[in-house]
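J.: Convert by adding 1 to the 1-based position in the sequence shown; the result is the number in our numbering.
The C-beta atom is built at its ideal place from N, Cα and C for all residues, glycine as well.
Because the structure is a prediction, the values reported are computed rather than measured.
Here's a structure for you.
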Amino acid sequence: MKATDVLKEEHRGIERMLNIVEAAARRLEAGEEVPARVFEGAVDFFRGFADRCHHAKEEEELFPALERQGIPRGNGPIGVMLLEHEQGRQFVRNLAGATERYAHGDRAAQPLLVQSALGYVDLLRQHIAKEDGVLFVMADQVLTPQMQQTLVAAFDEIEERRTGKQAHERYHRLIAELEQVVAGWKG
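Following this line, the structure appears as structure tokens:
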């Protein structure tokens with residue numbers, strides 16, 4: 002498996018959580034109740050899996066490897082991805098603050114909660130499309146099979162160091178659990 006395949010597979014999990022968050026935000030926006038644990042779980046996932054694990058693999062290993070192969074950081078695709086990672090972190094900080102207030106019964110936090118959730122969903126969907134459709138295509142063109150395998154090994158080390166294999170599995174269980182919550186709304 003190539004390093005870009007690992008990252009694309011992680012994108013599929015992130016997209017599943019984005020779908021959950023969008024459904025929850027839309028439900029809240031419509032004046033319906035949403036358990037705070039949905040947003041709390043999403044914040045945990047976005048911080049722990051999407052940022053601490055997935056983005057770390059890109060920032061610490063993939064992007065530097067691409068730079069060594071001549072893909073520029075500044076005014077190039079890597080710079081755009083890094084900027085969007087920072088924008089995403091700001092959305093998640095806002096989402097976390099609003100979620101905490103919402104969990105403690107502060108319904109005045111709902112507009113910020115909805116705005117932060119939907120803003121993050123929109124940003125990440127576009128970001129993932131750019132990575133899958135542009136940056137990872139470039140990576141596959143400039144990285145040799147040996148370089149890809151070296152990155153996969155480095156990704157495993159990052160995951161173990163940052164979250165651990167058990168956390169990775171826990172996040173996948175969280176996605177499935179929250180998908181069941183959302184499925185119950187549609188029934």
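Here's the rule I'm using: 16 or more other beta-carbon atoms within 10 Å means buried, otherwise exposed. How should Thr145 be labelled?
T.: exposed
J.: Taking the straight line between their C-alpha atoms, what separation do you get for Arg74 and Val153?
T.: Approximately 21 angstroms, taken between the alpha carbons.
J.: Do Glu160 and Lys3 have their beta-carbon atoms positioned less than 9 angstroms apart in this structure?
T.: no
J.: Between which two residues does the alpha helix (DSSP H) harbouring Val143 extend?
T.: 137 to 143
J.: Please report the Cβ distance between Ala110 and Ala37, rounded to the nearest whole angstrom; I am assuming they are in contact, meaning their Cβ atoms lie under 8 angstroms.
T.: The Cβ separation is near 10 angstroms, so there is no contact.
J.: Can you give the Cα-Cα distance for Gly185 and Leu67, rounded to whole angstroms?
T.: 43 angstroms
J.: Would you mind listing the beta strand (DSSP E) stretches within the stretch 37 to 108 that are 3+ residues and don't spill past its ends, in chain order?
T.: Counting only runs of at least 3 residues, the stretch 37 to 108 fully encloses no beta strand (DSSP E) element at all.
J.: Roughly how many angstroms lie between the CA atoms of Asp157 and Gly32, to the nearest whole one?
T.: 43 angstroms
J.: Please state the DSSP three-state secondary structure of Lys3.
T.: DSSP places Lys3 outside both helix and strand once states are collapsed to three, so it counts as coil.
J.: Should Val35 go down as buried or exposed, given a rule of 16 or more other Cβ atoms within 10 Å for buried?
T.: buried
J.: Express the C-alpha separation of Leu113 and Glu101 in angstroms, rounding to a whole number.
T.: 11 angstroms
J.: Looking at C-alpha atoms only, which residue of Arg17, His55, Asp141, Ala24 is the closest neighbour of Ala168?
T.: By alpha-carbon distance to Ala168, the top candidate from Arg17, His55, Asp141, Ala24 is His55.
J.: Just curious, the alpha helix (DSSP H) that Val35 is in, first and last residue?
T.: That residue, Val35, is in no alpha helix (DSSP H); it is neither H nor E in DSSP.
J.: Between Ser117 and Ala99, how many whole angstroms is the CB-CB distance? I'm expecting something under 8 angstroms.
T.: Confirmed, about 6 angstroms.
J.: Rounding to the nearest angstrom, what Cα-Cα distance links Tyr121 and Phe92 in this structure?
T.: 6 angstroms
J.: Report yes if the CB atom of Glu23 is closer than 9 angstroms to the CB atom of Leu119, and no otherwise.
T.: yes
J.: What would DSSP say about Gly120, mapped onto helix, strand or coil?
T.: helix
J.: Let's see if you can read the secondary structure: which residues bound the alpha helix (DSSP H) around Gly185?
T.: 166 to 187
J.: Measuring only the C-alpha atoms, how far is Leu175 from Gly42?
T.: 7 angstroms
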